[in-house]
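> Below you'll find the structure I mean.
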Amino acid sequence: MNFTPKPMVRKPVVLVPACNKPLGEHPFHVAGKKYVDAVRLAGAQPLIVPTALPEELDALLDLADGVLLTGSASNVHPSHFDEAVHDPALPLDPDRDAWTLPLIPKVLARGMPLFAICRGTQEANVALGGSLHQAVQEVDPYDDHRAPSGEPAAVQYGPAHDVEVVPGGLLAEVLDSKRFAVNSVHGQAVNKLAPGLRVEARAPDGLVEAFSVAEAKGFNLCVQWHPEWQASSNPISMQLLQAFGQACRAYRDRHRTAIP
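Quick note, this note's numbering runs 6 ahead of the 1-based positions in the sequence shown.
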């Protein structure tokens, strides 16, 4: 009796952009472990990408079934939304800006799943034509959304405020809860929302906490909080990651062949 084994189907591959950080006198590419772990919780294979050249973007996306844009200590350079730097003491990462901003429209044009977190959310808004508050705590009527200074990570990433899900959007479809607590560790925030973006959730002070590209061909969700923090024990985070992972698997199945 002949037996033909079923072909193995690989996990979907998710690109995770690295940030740029000097260690001593040497430049390094770094990516937070919590984001890599989150990709694995989504059932996907993370692939950390260092700074990429413009001519490399399409080839990188040819390898992928999804993109996760991470948070970072650095801010998006305000020159990308026609402003001068408000606080020179805050870190910037122009090398990351140089390739993630042009990457985002390419991801959306392919219908490839995109999940953006904190800085990644700010990148998405800027890449699509929006702008940011560089210091939201200085803008009326918004609250201070930064983490408490000097506290351990468990405190800084603890629940800070609720968000209210906007009815009729992707977030309302993915989550069981329509109001829930999130952490808050950001100084930059959405100012002008880019054309075509749909607000998915707001903070009590009215600040945009999540958005999506309503007419995009694929799953895309950008959130200002950090769902990757202790994600395995957070039901909201797991629902988000599972939805992203399912979208990546669907993209893989449409665009890839099984591995013999």
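Beta carbons: idealized from backbone N, C-alpha and C, even for Gly.
The model shown is predicted, which means the values in this text are computed figures rather than measured ones.
Per the DSSP calculation, residue 167 is bridged to which residue(s)?
In DSSP, residue 167 forms a bridge with 188.
> In terms of residues, what are the limits of the alpha helix (DSSP H) holding residue 226?
That residue, residue 226, is in no alpha helix (DSSP H); its beta strand (DSSP E) goes 226 to 229.
> Count the other C-beta atoms from every protein chain shown that fall within 10 angstroms of the C-beta of residue 59, then say buried if there are 16 or more, exposed otherwise.
With fewer than 16 Cβ atoms within 10 Å of its Cβ, residue 59 is classed as exposed.
> Use the C-beta contact count for residue 34: other C-beta atoms within 10 angstroms, 16 or more gives buried, fewer gives exposed.
Under this definition residue 34 is an exposed residue.
> Can you give me the C-alpha to C-alpha distance between residue 62 and residue 171, rounded to a whole angstrom?
Using only the alpha carbons, I get a separation of about 37 Å.
> Provide the residue(s) that pair with residue 52 in DSSP beta bridges, ordered along the chain.
Per DSSP, 20.
> How should residue 243 be labelled, buried or exposed, when 16 other C-beta atoms within 10 angstroms of its C-beta is the threshold for buried?
Looking at its Cβ environment, which holds 16 or more other Cβ atoms inside 10 Å, residue 243 is buried.
> Per the DSSP calculation, residue 131 is bridged to which residue(s)?
Partner(s): none; residue 131 has no beta bridge.
> What did DSSP end up calling residue 243 once you bin it into helix, strand or coil?
In the structure shown, residue 243 sits in a helix (DSSP, three-state: H, G or I).
> Please report the straight-line C-alpha distance between residue 85 and residue 91, rounded to a whole angstrom.
Cα to Cα, the separation comes out at about 8 Å.
> Cβ of residue 25 within 8 Å of Cβ of residue 44?
No, these two residues do not count as a Cβ contact at 8 Å.
> Going straight from the alpha carbon of residue 22 to that of residue 142, what length do you get?
If I take the Cα positions, the gap works out to 27 Å.
> Using the beta-carbon count (16 or more within 10 Å), is residue 154 buried or exposed?
When all chains shown are included, residue 154 counts as exposed.
> What would DSSP say about residue 38, mapped onto helix, strand or coil?
It is coil, neither helix nor strand.
> Report yes if the C-beta distance between residue 217 and residue 253 is below 8 Å; otherwise report no.
No, these two residues do not count as a Cβ contact at 8 Å.
> Starting from the C-beta of residue 52, find all residues in its chain whose C-beta is less than 7 Å away, skip the five residues before and the five after it, and write them out in chain order.
If we look at residue 52 and ignore the five residues flanking it on each side, its Cβ neighbours are 20, 22, 42, 45 and 46.
> From residue 175 to residue 31, what does the alpha carbon distance come to, in whole angstroms?
For residue 175 and residue 31, the distance between alpha carbons rounds to 47 Å.
> Buried or exposed for residue 137, please, with buried defined as at least 16 other CB atoms from any protein chain shown within 10 angstroms of its CB.
By the neighbour-count rule (16 or more Cβ atoms within 10 Å), residue 137 is buried.
> Output the distance between the C-alpha atoms of residue 266 and residue 227, rounded to the nearest integer angstrom.
Reliability fails at residue 266, whose pLDDT of 42 lies under 50, so the model's placement of it is uncertain and the value that follows must be treated cautiously. Distance between the alpha carbons of residue 266 and residue 227: 33 Å.
> Would you kindly check if the distance between the Cβ of residue 123 and the Cβ of residue 181 is under 8 Å?
Against a cut-off of 8 Å, the Cβ pair of residue 123 and residue 181 comes out as no contact.
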